[in-house]
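Going by our numbering, the first residue of the sequence shown is number 1, and it counts up by one from there.
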Amino acid sequence: MTANLTVAGLLEEAAERLRASIAAREPSATPELDAQLLLAHVLAVPRTRLKSHPEERPHPSRIEEYRRLLARHAAGEPVAYLTGYRHFWSLRLAVTPAVLIPRPETELLVERALALHPATEGRVADLGTGSGALALALASERPGWRLIATDVSEEALAVARANATSLALAGVEFRRGDWYEPLAGERFDLIVSNPPYVAADDPAMTAPALAHEPRAALTPGLEALASLREIMRGAPAHLARAGWLLLEHGATQG
């Protein structure tokens with residue numbers, strides 16, 4: 001039976017399974033897209049190939065691998081951790097459970113940073129860089145900028161450095177430390193950050209997918225604004241004249 005399954009049949013089977021599991025508990029779930037992303041990953045083909053060749057019959061070993069990944073995703077494991085990457089801005093970034101999965105809404109920080117500092121030269125700090133998403137997106141658009149990205153996690157910095165190398169973005173320096181700790185005496189035209197801003201007891205923290213992401217990147221503890229306030233307090237000592245501080249925060253925290 002497995003040997004006779006086509007790409008189209010597999011995707012239909014997978015989407016139905018994900019609708020019954022993930023979509024039932026997460027209204028914003030995308031079962032059809034997730035099914036396609038996982039199959040494209042297993043077959044090592046572009047997602048467009050699945051649509052243009054729906055009649056192809058994958059090897060049974062690939063089908064079994066696909067079903068194993070589907071089972072893990074149905075149990076709550078994010079697609080990005082299963083495939084090992086996530087697209088952000090124009091970049092394909094490697095991600096591991098050591099880093100927060102970059103979200104599309106964080107691209108707004110990139111847009112605002114580019115608009116607020118259109119100069120071809122500048123000094124920029126990315127605090128809590130994680131996978132390096134913000135720093136690397138900015139470096140890809142402004143190769144003349146000098147960017148310094150900090151993170152308290154050496155495991156996260158290893159992922160960020162690997163992304164910088166694979167993307168050939170040499171203009172980013174990575175330093176280990178908590179927020180401004182590695183930046184003593186330095187000032188920047190822009191400081192950007194997507195810090196943890198969800199309270200530890202917020203019901204959103206019970207989402208199954210979040211259980212797989214680094215907790216320290218999601219919540220600062222019971223006080224949701226703790227990290228945001230710490231970054232804002234330290235900004236005056238590190239912003240250049242007419243510099244900007246850009247922070248991601250919750251919809252009700254502005």
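For every residue, glycine included, the Cβ atom is placed at its ideal position computed from N, Cα and C.
* **Backbone CA spacing between D34 and L82 [nearest angstrom]** => As a working mapping, residue 34 is identified with position 34 in the sequence shown. As a working mapping, residue 82 is identified with position 82 in the sequence shown. Roughly 11 Å separates the two Cα atoms.
* I148 and R123: beta carbons closer than 9 Å? -> Mapped onto the sequence shown, residue 148 falls at position 148. Mapped onto the sequence shown, residue 123 falls at position 123. Their beta carbons are under 9 Å apart, which means I148 touches R123 by this criterion.
* CB contact flag (D202, A224, <9 Å) -> In the sequence shown, counting from the first residue as 1, residue 202 sits at position 202. In the sequence shown, counting from the first residue as 1, residue 224 sits at position 224. Yes, they are a contact pair.
* **Residue range of the unbroken alpha helix (DSSP H) whose run includes V42** => The sequence position of residue 42 within the sequence shown is 42, counting from 1. It spans P31 to L43 - the alpha helix (DSSP H) in which V42 sits, taken as one unbroken run.
* Which full runs of the alpha helix (DSSP H) of 4+ residues lie inside the segment 65–101, going along the chain? -> 79–83
* To do: Whole angstroms is fine: what's the gap from A199's alpha carbon to S227's?
  => Within the sequence shown, residue 199 is the residue found at index 199, counting from 1. Within the sequence shown, residue 227 is the residue found at index 227, counting from 1. The straight-line gap from Cα to Cα measures roughly 11 Å.
* Residue closest to E64, alpha-carbon to alpha-carbon, out of R49, L239 and L38 -> Taking the first residue of the sequence shown as position 1, residue 64 is located at position 64. Of the candidates R49, L239 and L38, the one whose C-alpha sits nearest the C-alpha of E64 is L38.
* Do D151 and G128 have their CB atoms nearer than 9 Å? -> Residue numbering aside, residue 151 sits at position 151 when the sequence shown is read from its first letter. Residue numbering aside, residue 128 sits at position 128 when the sequence shown is read from its first letter. Their beta carbons are under 9 Å apart, which means D151 touches G128 by this criterion.
* Quick one: measure Cβ to Cβ for L136 and L70, integer angstroms, because I've assumed they're closer than 8 Å. => Locating residue 136 in the sequence shown gives position 136, where the first residue counts as 1. Locating residue 70 in the sequence shown gives position 70, where the first residue counts as 1. Their Cβ separation, rounded to whole angstroms, is 30 Å, which puts L136 and L70 out of contact at 8 Å.
* To do: Grab me the residues of G234's own chain with a C-beta within less than 8 Å of its C-beta, minus the 5 sequence neighbours each way, in chain order.
  => One-based indexing of the sequence shown puts residue 234 at position 234. Excluding positions up to five away in sequence, the list reads W179 and Y180.
* Asked: Touching or not, the segment 165–172 and the segment 95–114, by the rule of three or more beta carbon pairs under 8 Å?
  -> no
* Nearest to A94 by CA position, among T106, V79, L108 and M205, is which residue? -> Taking the sequence shown and counting its residues from 1, one reaches residue 94 at position 94. It is V79.
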